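In what follows, a structure is listed as structure tokens, so that the remarks can point back to it.
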Amino acid sequence: MKKKQMMRQLGRFGLILLIAAIGLGGNTGCKSKKKLAREQAAAEYAARVEQATRDLTSILNDQTDWTLDQKETRFNTIKSWNLQDEEVLRLLDLVEDKLARERAEAERKAEEERLRRVEDERQRAEAARYAPIENHFIAVAGAPDFNSSNERIAQALQLFATPDVPVLIIISQAGGFNDYDRPTTIRKYLDYLKDQKAYSNRIEQVKYDANGKIIELELIKK
Amino acid sequence: MKKKYLILTILVGLFTTNTVFAQDHISPERKQAIDSLALEKVRDLSKYISIVGSKSTPWSEANRVIDRAEELFMQGAEIGVSSIASPTINYYSVRKYLERLMRLNYDRVEIEWFKIEYVSDLQRQPDGTYVGVITIFQKFRGFDSEGGIVYEDTTRKDITVYVKRKETQIGGRIIGFWDVLLGDMRVKETSR
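Going line by line, the protein sequences match chains A and B.
Okay, so the first sequence: first residue is 241 according to this note's numbering, each after it adds one.
Okay, so the second sequence: first residue is 6 according to this note's numbering, each after it adds one.
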């Protein structure tokens with residue numbers, strides 16, 4: 241009887257031991273998973289720090305072939321990671337400044353390009369407008385002999401109020417300031433084209449009188 | 006009233022300073038344009054000399070071109086003439102030189118200028134004039150009626166150029182221009 245009772249108690253003790261062992265064992269497994277997750281997160285963070293440092297350094301040293309837009313996208317992505325690494329934060333500051341400068345430069349160039357296109361367009365329109373006058377100049381310069389060029393000069397002079405109409409030739413333009421060659425007259429200018437056999441200017445401005453005759457001509461060196 | 010005068014004086018002062026500054030300190034781009042302008046005047050002269058020297062140029066055209074060529078020079082400027090036959094260099098006024106050239110006793114004349122370049126860059130002088138020296142090489146060939154060369158030489162000549170900023174009024178506005186004038190044309194060497 242006593243033996244039977246002892247056996248039952250032993251069984252209970254064993255069961256308690258088993259439960260305790262299971263409980264203890266399960267807790268240890270849970271702790272390992274958290275640790276693993278922590279380690280994984282730390283590794284991911286380290287990888288991002290490394291990636292961020294590498295990309296930001298490359299941008300800073302112009303070692304990428306990315307466009308400015310791509311560089312800005314990359315910068316914003318890295319910034320969104322909120323990495324609290326001291327080196328990454330320092331690089332982010334430097335790259336932000338660099339990209340701001342590059343953006344300003346790109347916008348300046350784009351504006352210059354736009355203005356250049358506008359100016360080209362204006363010049364094309366002006367050239368088309370003054371083509372009939374310029375054709376006379378080209379014809380005088382290209383005439384094969386004195387007689388033909390004199391005939392061309394006579395035709396060209398029909399466009400002008402008098403043979404003494406002033407001709408101004410701009411040799412350089414800077415800051416809204418024109419530098420001119422010594423002013424001449426249309427008669428002398430046409431003779432000049434005949435002698436030099438070349439027309440190397442373009443018309444900048446023409447002033448007309450009430451009869452549609454030219455009273456002042458402004459040329460610019462090409 | 007005093008205040009008004011003071012403001013006016015300051016404005017006049019600023020305007021004057023600005024004008025002087027604009028002439029004293031010209032940008033490299035403007036300087037380059039002036040350099041090119043002076044070189045262009047020498048090239049123009051080269052063409053005029055070749056027209057005047059050409060026997061196919063009508064007399065009236067040659068005389069007109071002499072007038073144009075003369076306008077390129079300062080008053081009293083002289084041009085040197087040399088020959089391989091003599092060490093003497095004779096100097097003539099521009100008009101005289103061109104008239105002699107027009108009457109040279111050849112059936113055909115070819116005059117070609119090449120290597121036209123600065124030997125001394127335009128430098129600003131105290132009076133505001135820019136002065137420089139341009140050198141040219143002139144190849145001269147005189148032919149007889151059969152087309153044979155009677156005389157030929159190559160001469161290096163130095164031309165002093167003077168460039169001065171001037172102003173004139175055209176159509177009611179003041180035009181600032183660079184007046185290029187050529188000075189003496191000195192013979193430096195003559196060879197066959």
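For each residue, glycine too, the CB sits at the ideal point set by N, CA and C.
This one's a predicted model, so the numbers in the text were calculated from it and none came from an experiment.
For residue i, which residues in the same chain have their Cβ closer than 8 Å to its Cβ, ignoring the five residues on either side in sequence?
i, result
"residue 108 of chain B", "none"
"residue 120 of chain B", "140, 141 and 142"
"residue 397 of chain A", "403, 426, 427 and 430"
"residue 380 of chain A", "389, 392, 393, 396, 430, 433, 434 and 439"
"residue 75 of chain B", "99, 100 and 103"
Would residue i pass as a contact of residue j if the rule is Cβ separation under 8 Å?
i, j, result
"residue 373 of chain A", "residue 405 of chain A", "no"
"residue 134 of chain B", "residue 168 of chain B", "yes"
"residue 314 of chain A", "residue 295 of chain A", "yes"
"residue 331 of chain A", "residue 307 of chain A", "no"
"residue 411 of chain A", "residue 42 of chain B", "yes"
"residue 31 of chain B", "residue 423 of chain A", "no"
"residue 162 of chain B", "residue 124 of chain B", "no"
"residue 53 of chain B", "residue 73 of chain B", "yes"
"residue 116 of chain B", "residue 58 of chain B", "yes"
"residue 118 of chain B", "residue 61 of chain B", "no"
"residue 456 of chain A", "residue 462 of chain A", "no"
"residue 401 of chain A", "residue 449 of chain A", "yes"
Enumerate in chain order the residues of its own chain whose CB-to-CB distance from residue i is below 7 Å, with the five nearest sequence positions on each side excluded.
i, result
"residue 97 of chain B", "83, 84, 86 and 105"
"residue 445 of chain A", "458"
"residue 20 of chain B", "Unreliable positioning characterises residue 20 of chain B in this predicted model, as indicated by a pLDDT of 43, which lies under 50. The coordinate reading is nonetheless provided below. Once the five neighbours on either side are set aside, residue 20 of chain B has no close Cβ partner at all."
"residue 325 of chain A", "289"
"residue 385 of chain A", "none"
"residue 452 of chain A", "none"
"residue 49 of chain B", "77"
"residue 358 of chain A", "none"
"residue 69 of chain B", "none"
"residue 252 of chain A", "none"
Report the partner residues of residue i according to the DSSP bridge assignment.
i, result
"residue 425 of chain A", "A:406"
"residue 186 of chain B", "B:167"
"residue 84 of chain B", "B:97 and B:190"
"residue 181 of chain B", "B:172"
"residue 140 of chain B", "B:122 and B:163"
"residue 446 of chain A", "A:457"
"residue 154 of chain B", "B:148"
"residue 114 of chain B", "B:147"
"residue 78 of chain B", "B:187"
"residue 383 of chain A", "Residue 383 of chain A is not bridged to any residue."
"residue 322 of chain A", "According to DSSP, which records beta bridges pairwise, residue 322 of chain A is partnered with nothing at all."
"residue 420 of chain A", "A:410 and B:182"
My guess is that residue i and residue j are in contact by the Cβ rule of under 8 Å, so how many angstroms apart are they, rounded?
i, j, result
"residue 172 of chain B", "residue 179 of chain B", "5 Å"
"residue 145 of chain B", "residue 155 of chain B", "That pair is no contact at about 11 Å."
"residue 339 of chain A", "residue 311 of chain A", "6 Å"
"residue 158 of chain B", "residue 197 of chain B", "6 Å"
"residue 35 of chain B", "residue 346 of chain A", "Actually they are not in contact, since the Cβ atoms of residue 35 of chain B and residue 346 of chain A sit about 30 Å apart, beyond 8 Å."
"residue 170 of chain B", "residue 181 of chain B", "6 Å"
"residue 39 of chain B", "residue 183 of chain B", "5 Å"
Quick one, which of the options has its alpha-carbon nearest residue i's?
i, options, result
"residue 100 of chain B", "B:78, B:118, B:90 and B:112", "B:78"
"residue 289 of chain A", "A:436, A:321 and A:298", "A:321"
"residue 335 of chain A", "A:317, A:355 and A:456", "A:317"
"residue 441 of chain A", "A:414, A:370, A:449 and A:416", "A:370"
"residue 300 of chain A", "A:328, A:278 and A:366", "A:328"
"residue 190 of chain B", "B:150, B:58, B:137 and B:111", "B:137"
"residue 378 of chain A", "A:448, A:437, A:342 and A:333", "A:437"
"residue 195 of chain B", "B:65, B:94 and B:70", "B:94"
"residue 323 of chain A", "A:365, A:284, A:460 and A:273", "A:284"
"residue 460 of chain A", "A:448, A:387, A:420 and A:447", "A:420"
"residue 166 of chain B", "B:160, B:47, B:33 and B:37", "B:47"
"residue 376 of chain A", "A:246, A:399, A:298 and A:355", "A:399"
"residue 111 of chain B", "B:150, B:122, B:132 and B:92", "B:150"
"residue 182 of chain A", "A:333, A:443 and A:407", "Residue 182 of chain A lies beyond the residue range present for chain A, which begins at 241 and ends at 462; the question has no answer from this structure."
"residue 309 of chain A", "A:343, A:272, A:259 and A:273", "A:343"
"residue 160 of chain B", "B:80, B:89 and B:66", "B:89"
Following a CB-centred definition, is residue i positioned closer than 7 Å to any heavy atom of the ligand PLP?
i, result
"residue 35 of chain B", "The model on display carries no ligand, and the ligand PLP is accordingly not part of it."
Sorted by chain position, which residues of the same chain lie with C-beta nearer than 6 Å to residue i's C-beta, five sequence neighbours on each side aside?
i, result
"residue 130 of chain B", "136"
"residue 22 of chain B", "With a pLDDT of 40 at residue 22 of chain B, under the threshold of 50, the modelled position of that residue is not reliable, and no figure is offered here."
"residue 304 of chain A", "298"
"residue 126 of chain B", "137"
"residue 407 of chain A", "424, 426, 429 and 457"
"residue 45 of chain B", "none"
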